[in-house]
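>
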Amino acid sequence: MRTELVSEPADPARPNEDFASVGLPACGQGGSLVVLDGVTPPRGGTGCLHSVHWYTARLGGALTELTVSLPDVPLSDALARAIARTAEAHAETCELSHPRTPQATVVIARWSPATVEYLVLSDSALLVESPDGTVTPYLDDRLSRLPRASLATDALVDATVRNKEGGFFTAAADPSVAARAVTGVLPRSEVRALAALTDGATRWTEKFREGDWTDLFTFVRKKGAQALIDRVRTLEAADREERTYLGRSKTHDDATAVYAEL
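Residues 453 to 714 in the working numbering are what the sequence shown lists, from first letter to last.
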């Protein structure tokens with residue numbers, strides 16, 4: 453198999469809050485990929501002594517281990533265990549019930565000789581290419597379906613829709629959120645390649661409209677994950693003043709892309 457992993461911070465002077473890994477078991481059968489996008493909090497307290505990148509490193513490390521070492525445990529259970537393990541690491545020092553306690557979006561894919569399992573939580577993306585070239589996006593679109601009015605301020609988001617029924621969910625400190633993820637299982641014979649992307653990389657499609665999901669996947673397969681992120685950076689810089697595409701969004705975002713040919 454062939455894998456490619458690229459992750460870049462929005463600002464080289466600041467820590468990258470994304471996490472990405474590819475895990476291959478010693479037996480050589482199957483593997484897994486994990487991509488997290490840490491949620492940057494607004495100015496003010498989070499109730500936590502730790503940074504977002506501390507959290508994504510802890511959660512991502514736990515997920516990488518669990519998805520490889522426990523192949524019979526469903527991905528939602530692996531996520532729940534990883535969240536619980538990470539919460540335990542700072543429960544005595546931090547207020548984990550705070551709505552802005554460190555948290556992240558999640559994409560996991562795990563393959564065996566027979567199946568490909570997937571899990572998506574919040575607005576990162578998993579693209580799956582079939583042997584005939586068809587590309588299918590697996591998305592958790594709850595955030596994008598919310599009325600813009602419900603996202604008007606950070607305080608309103610935290611009070612009404614963040615990790616709440618009828619809103620959207622991220623991995624924070626409550627293991628039960630794992631049951632809210634979009635999950636599924638595909639026959640291995642129906643999957644040729646995968647691409648997992650944080651929303652800093654999916655800007656190519658979702659913000660700048662360079663093409664649809666199939667076009668994005670083809671771009672990564674032909675030119676590579678680094679070329680995708682380089683192109684996003686070029687587009688971000690060009691839109692810095694006009695804000696034609698980015699609107700209220702920050703100019704640059706951490707961007708991660710993982711590509712795996714199975």
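Backbone N, C-alpha and C fix where the C-beta goes; we use that ideal spot for every residue, glycine too.
For P589, list the residues DSSP reports as bridge partners.
In the sequence shown, the residue the question calls residue 589 occupies position 137. Paired residue(s): L579.
> If you measure between the beta carbons of E569 and V634, is that distance less than 8 Å?
For this step, residue 569 is matched to residue 117 along the sequence shown. For this step, residue 634 is matched to residue 182 along the sequence shown. Not closer than 8 Å, so no.
> Please name the residue, chosen from L598, A645, G652 and D651, that lies closest to A723 on a Cα-to-Cα basis.
For residue 723 there is no data in the structure shown, the boundaries of the chain being 453 and 714.
> Helix or strand or just coil, what does DSSP make of F669?
Position 217 of the sequence shown, counted from the first residue, corresponds to residue 669. The three-state reading of DSSP puts F669 in helix, counting H, G and I together.
> The alpha helix (DSSP H) that contains L511, what's its start and end?
Within the sequence shown, the letter at position 59 stands for residue 511. Segment V504 to S521, the alpha helix (DSSP H) holding L511.
> Where do the N-terminal and C-terminal ends of the alpha helix (DSSP H) with V710 fall, by residue?
Within the sequence shown, residue 710 is the residue found at index 258, counting from 1. For V710, there is no enclosing alpha helix (DSSP H); the enclosing beta strand (DSSP E) covers residues A707 to E713.
> Per the contact definition of three or more C-beta pairs closer than 8 Å, is the region 669-682 in contact with the region 696-712?
yes
> For D481, does the count of other Cβ atoms within 10 angstroms reach 16, so buried, or fall short, so exposed?
By one-based count along the sequence shown, residue 481 stands at place 29. Note that residue 481 corresponds to Gln in the displayed sequence, not to Asp. By the 10 Å Cβ count, Q481 comes out exposed.
> Beta carbon of H734, beta carbon of E469: below 8 Å?
No answer is possible for residue 734: the residues shown for the chain start at 453 and end at 714.
> When the Cβ atoms of the region 625-633 are set against those of the region 529-546, are three or more pairs found closer than 8 Å?
yes
> Would you report the Cα separation of D626 and A536, rounded to the nearest angstrom?
Taking the first residue of the sequence shown as position 1, residue 626 is located at position 174. Taking the first residue of the sequence shown as position 1, residue 536 is located at position 84. If you take the alpha carbons of D626 and A536, they lie about 7 Å apart.
> Please go through the same chain and pick out, in chain order, the residues whose beta-carbon is closer than 6 Å to the beta-carbon of E642, but skip the five residues on each side of it.
Your numbering for residue 642 matches position 190 in the sequence shown. Correct list, in chain order: S582.
> Could you tell me the distance, in whole angstroms, from the CA atom of T553 to the CA atom of T612?
For this step, residue 553 is matched to residue 101 along the sequence shown. For this step, residue 612 is matched to residue 160 along the sequence shown. C-alpha separation (whole angstroms): 16 Å.
> Just verifying my parser: in three-state terms, what is the DSSP assignment at D626?
The count along the sequence shown starts at 1 and reaches residue 626 at position 174. D626 falls in the coil class under three-state DSSP.
> Identify whether T538 lies in helix, strand or coil by the three-state DSSP scheme.
Taking the sequence shown and counting its residues from 1, the one referred to as residue 538 is at position 86. In this structure, T538 counts as helix in the three-state DSSP scheme.
> Along the chain, where does the beta strand (DSSP E) that runs through D470 open and close?
Counted from its first residue, the sequence shown places residue 470 at position 18. D470 to G475 is the extent of the beta strand (DSSP E) around D470.
> Contact between the region 508-516 and the region 463-479 is defined here as three or more beta-carbon pairs at a separation below 8 Å; is this criterion met?
yes
> State whether the region 537-547 contacts the region 570-589, with contact taken as three or more CB pairs (one from each stretch) at a distance under 8 Å.
no
> Would you identify the three-state DSSP class for D569, choosing helix, strand or coil?
Taking the sequence shown and counting its residues from 1, one reaches residue 569 at position 117. The residue asked about is misnamed: residue 569 is Glu in this sequence, not Asp. Strand at E569.
> Could you spell out where the beta strand (DSSP E) holding D489 opens and where it closes?
Taking the first residue of the sequence shown as position 1, residue 489 is located at position 37. That run of the beta strand (DSSP E) goes G483 to G490.
> Is it buried or exposed for R695, if we count other Cβ within 10 angstroms and need 16 for buried?
Indexing the sequence shown from 1 puts residue 695 at position 243. Looking at its Cβ environment, which holds fewer than 16 other Cβ atoms inside 10 Å, R695 is exposed.
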